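Numbering-wise (the working numbering), the sequence shown opens with residue 4 and increments by one.
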Amino acid sequence: MFKNLLHYLNPIARLGIREYSYLLPFSVTTISAILVEVFVNGVLHNPEAVGLFAIFIFIALIIYFSFRDGTRGGFLTASLTIIYYFYIIYSRNYQGERLEVSIETTFVLAFLYFLLAGIVGWLKETIDTLIDREADEKRRLQTIIQQLPVGVIITDAKGFVVQANKQMERIIGKKFPDPFKVGTDSIVPAKKADGTDIEPSDSVLAQTLISGRVVVGKEFIIEKESGEKRFIQVSAAPVHNKAGKIIAAASIIVDITQQKELEARKDDFVNMASHELKTPITSMKLYMDVLMNRVKGYKDERIERPLINIKTQTNRLQKLVEDLLDVSRLQTGKLSFTKEEFRLDTLIDETIEVLQATTKKQTLTIVKEEPVIIYADKFRIYQVITNLITNAIKYSAGKDAIDIQVYKENDTAIVTVKDYGIGISKDQQDKIFERLYQVTDDTEKTFPGFGMGLYISKEIVVRHKGKIWVESEKGKGSTFYISIPIGKKT
Ligand code: ADP
């Protein structure tokens, strides 16, 4: 109550509030004039004593009301004051020169009072307009944030959520708790996109606040209170002040459930189609072998050549279908490994022997010093090495050497495949390990392939807790490296 009264009377607290009163300045000024009259007549018994006393009180009132109620309040107070001054002049029966001087002085004072009320009142109204304009700007921004079709969360520098928009609440299915600090707990149960548990440090906003960097496109699976699961993609950026200090962080959350479902359906389709293709291709290969055995006796090039070509193409088709299946297994997390202990160097020897038969021009050479035994999925590692050597052959036509090395370094086995072919430019070197990525270069002739091999290889190596990388210079050749922990049976 007292606070409300103080707020009602305090002109500074009322800046920005455009409720200008007529009643308050009218009543306070009138009552003040009456009280002054009562005081000089009843207490002092000297109506002449009003002089300076009245000037100070009424100047104070004019300043106060013009600052509280704008020009209107100020002018009203000034008018009442002047009326009161005239009342004094006539009620005291001034005569002659004194009357003239008094009227003149009152006119001068009236001019000064109205000027004062005008300046202070104008100042107050200008401040109100400025505050209003800023509030408008803020409101507009708030409305935009609220209406955005993506979730938005804004935190202060300490990580406390200061705003979350409607879409965000729609995505998580509930209101944000207040206060809520990011990186401490999750509002709804959540997991990483690969299904593993999340740590508080996985909070994208917390990461942004700590590192001061933009974090882009992290995917999570959240469970709404209704039990419904949604895929979300979160990006966040810090907000710096002019001095470069982080003062806030903002993040954008997009519900990508539909997109994920579509992708899953597409993966299912690829998976089904490749499975369906596998059986007829296997039968075709079988019949090809039967046919080839039958025509062997004829020793007729005109029959054998086309048959060999058909077999080569069928093998390519089979490889393609197997790669497609692997990609879809990787996407759906269904690629499993059967690990065993085996000699990696021997496996590479055997692979080289098979692949050497596919190229006449290039000589595959292996350098190895000691047996390298690893515990891994033999077939999948064979697949990686085959892919690297096949690529080396494919992308270095016209050169005559491909050098392969296998050795141990501490607890890891390293394999390198070096060719002297077309090479890969620096900006493409990371991308070639992405799904379906192929270098497209107008100046080079296009090579057959789908950009699945290196993606599959990378996933296999990474899932063995290993690494795969490339060093290359355009036009000079490439060296692919894989390092795999030797791994022991425990
Ligand atoms: P692809 O079936 O197209 O060969 P990969 O995933 O095996 O698919 O390779 C992806 C891309 O990386 C290739 O399209 C090619 O541009 C590039 N690449 C792979 N290996 C080599 C290499 N040894 N030399 C030059 N470029 C290579």
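C-beta atoms are modelled at their ideal positions from N, C-alpha and C, and glycine is treated no differently.
Computed from a prediction, not measured in an experiment: that's the story for all the values here.
Cutoff 7 Å; reference E476; Cβ partners in own chain excluding five residues on either side: The sequence position of residue 476 within the sequence shown is 473, counting from 1. So the qualifying residues of the chain are G426.
Residue nearest to V123 in terms of C-alpha spacing, selected from Q408, I66, E437, Q334: Position 120 of the sequence shown, counted from the start, is the residue given in the question as residue 123. Of Q408, I66, E437, Q334, the residue nearest in Cα terms is I66.
Short Cβ contact (8 Å threshold) for S494 with S254: Examination of residue 494 is not possible in this model, given that the chain is present from 4 through 493 alone.
Distance between beta carbons of A81 and F117, contact taken as under 8 Å: Your numbering for residue 117 matches position 114 in the sequence shown. Your numbering for residue 81 matches position 78 in the sequence shown. The pair is a contact, with the Cβ atoms about 5 Å apart (cut-off 8 Å).
beta-carbon M455 near the ligand ADP non-hydrogen atom, thresh 7 Å: Residue 455 sits at position 452 when you count from the first residue of the sequence shown. True, at least one ligand heavy atom lies under 7 Å from that Cβ.
Member of K194, T158, E279 whose CA lies at the smallest distance from the CA of F179: Taking the sequence shown and counting its residues from 1, one reaches residue 179 at position 176. For F179, the nearest C-alpha among the options comes from T158.
Cβ neighbours of T493 in the same chain (closer than 7 Å, five flanking residues each side left out): Position 490 of the sequence shown, counted from the first residue, corresponds to residue 493. The pLDDT assigned to T493 is 49, lower than 50, so where the model puts this residue is not dependable, and the model offers no usable value.
CA-to-CA distance, G490 to P241, given in whole angstroms: Position 238 of the sequence shown, counted from the start, is the residue given in the question as residue 241. Position 487 of the sequence shown, counted from the start, is the residue given in the question as residue 490. In this structure, the CA atom of P241 is about 42 Å from the CA atom of G490.
Closest Cα partner of G220 within the set I471, E202, I256, D188: Working through the sequence shown from its first residue, we reach residue 220 at position 217. I256 is the residue among I471, E202, I256, D188 whose C-alpha sits nearest the C-alpha of G220.
Under the three-state DSSP convention, the category G124 falls into: Here residue 124 refers to the residue found at position 121 of the sequence shown. Note: G124 maps to helix in three-state DSSP.
Among N394, E412, Y11, nearest to I435 - alpha-carbon criterion: In the sequence shown, the residue the question calls residue 435 occupies position 432. The shortest C-alpha separation from I435 is found at N394.
Beta-carbon contacts of P374 that lie in its chain and below 7 Å, excluding the five residues immediately before and after: Counted from its first residue, the sequence shown places residue 374 at position 371. Answer for P374: R346, D348, listed in chain order.
Beta carbon of I487 nearer than 8 Å to that of A360: On the sequence shown, position 484 is the one that residue 487 refers to. On the sequence shown, position 357 is the one that residue 360 refers to. Cβ distance not < 8 Å, so I487 and A360 don't count as in contact.
Cβ contact (3+ pairs, closer than 8 Å) linking the segment 331-341 and the segment 309-319: no
Helix, strand or coil at G247 according to DSSP, with G and I counted as helix: Here residue 247 is taken as the residue at index 244 of the sequence shown, counted from 1. In this structure, G247 counts as coil in the three-state DSSP scheme.
S277 in three-state terms, based on DSSP: In the sequence shown, residue 277 corresponds to position 274, counting from 1. Helix, per DSSP.
Distance between G230 and F183 (C-alpha atoms, nearest Å): Residue numbering aside, residue 183 sits at position 180 when the sequence shown is read from its first letter. Residue numbering aside, residue 230 sits at position 227 when the sequence shown is read from its first letter. Roughly 22 Å between the two C-alpha positions.
Proximity winner among L323, L333, T368, T389, relative to T354 (alpha-carbon distances): Numbered from 1 along the sequence shown, position 351 holds the residue referred to as residue 354. When only C-alpha atoms are compared, the closest one is T389.
Any non-hydrogen atom of the ligand ADP closer than 7 Å to V442 Cβ: The sequence position of residue 442 within the sequence shown is 439, counting from 1. Yes - the ligand ADP has a heavy atom lying nearer than 7 Å to the Cβ of V442.
Burial state of D197 (16 or more Cβ within 10 Å): Here residue 197 refers to the residue found at position 194 of the sequence shown. Label assigned to D197: exposed.
Other residues of its chain near F70: CB distance less than 6 Å, five sequence neighbours each side excluded: If you number the sequence shown from 1, residue 70 lands on position 67. Excluding residues within five positions, the ones whose Cβ falls inside 6 Å are P14, V123, K127.
DSSP state of Q408 mapped onto helix, strand, coil: Residue 408 sits at position 405 when you count from the first residue of the sequence shown. In the structure shown, Q408 sits in a strand (DSSP, three-state: E or B).
Extent of the continuous alpha helix (DSSP H) to which Y378 belongs: Residue mapping note: residue 378 aligns to position 375 of the sequence shown, counting from 1. First-last for Y378: 376-379, but that is the beta strand (DSSP E), not the alpha helix (DSSP H).
Cβ shell of I392 (< 8 Å), same chain only, five flanking positions each side left out: Counting from 1 along the sequence shown, the entry for residue 392 is found at position 389. These residues qualify, in order along the chain: T354, I355, L358, L367, I405, I407, V420.
Distance cut-off 7 Å: N390 Cβ against heavy atoms of the ligand SAH: Among the ligands present in this structure, namely the ligand ADP, the ligand SAH is not found.
T493 - DSSP class collapsed to helix/strand/coil: Here residue 493 refers to the residue found at position 490 when the sequence shown is read from its first residue. For T493, the predicted structure reports a pLDDT of 49, less than 50, and the residue's modelled location is therefore unreliable. The matter cannot be settled from this model.
heavy atom of the ligand ADP below 7 Å from S214 C-beta: By one-based count along the sequence shown, residue 214 stands at place 211. Incorrect: S214 has no Cβ contact closer than 7 Å to the ligand ADP.
I224 and K194 closer than 8 Å at C-beta: As a first step, residue 224 must be located in the sequence shown, where it is residue number 221. As a first step, residue 194 must be located in the sequence shown, where it is residue number 191. By the CB criterion at 8 Å, I224 and K194 fall inside the cutoff.
Beta-ladder partner(s) of E474, from DSSP: Here residue 474 corresponds to residue number 471 of the sequence shown, with the count starting at 1. For E474, which the question treats as bridged, DSSP gives the partners T482.
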